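First residue of the sequence shown? That's 8 in the working numbering, and the numbers climb one at a time after it.
What follows is one structure encoded as structure tokens, with my remarks underneath.
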Amino acid sequence: MIIIAGTPSCPAALTISDRYLNDRTVATQGQGRFAVIDGWNCSWPYLPDRSHADSYLQCVDPTGNAVKIGD
């Protein structure tokens, strides 16, 4: 996990990232793997200058703090 915006709480971001990847009760929706976990919006976004396959997962909290999950 890498912080890409703001100053999120690392323990909270790690917990959200772990739940997004491993918690079977978290239902992701669509090709973007959209999910809301404790107010954080997680997804597999389309990013400029990257194919979707070369993108990474990310989670953003309600105040705009964001973390990147993966490469």
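Backbone N, C-alpha and C define an ideal beta-carbon position, used for all residues, glycine too.
Just so you know, these numbers come straight off a predicted model, no measurement behind them.
Assigned secondary structure, residue i (DSSP; H/G/I helix, E/B strand, else coil)
i	result
residue 54	coil
residue 12	strand
residue 34	coil
residue 48	strand
Between the CA atoms of residue j and residue i - distance to the nearest angstrom
i	j	result
residue 45	residue 28	14 Å
residue 9	residue 72	11 Å
residue 42	residue 35	5 Å
residue 75	residue 15	12 Å
residue 33	residue 24	11 Å
Beta-carbon proximity list for residue i, same chain, < 8 Å, skipping 5 on both sides
i	result
residue 40	49, 50, 51, 64
residue 12	67, 71, 72, 73
Cβ-based burial, residue i [other Cβ within 10 Å; buried from 16]
i	result
residue 55	exposed
residue 68	buried
Contact set for residue i: own chain, Cβ-Cβ below 7 Å, skip 5 residues either direction
i	result
residue 21	8
Own chain residues within Cβ distance below 6 Å of residue i, not counting five before or after
i	result
residue 59	53
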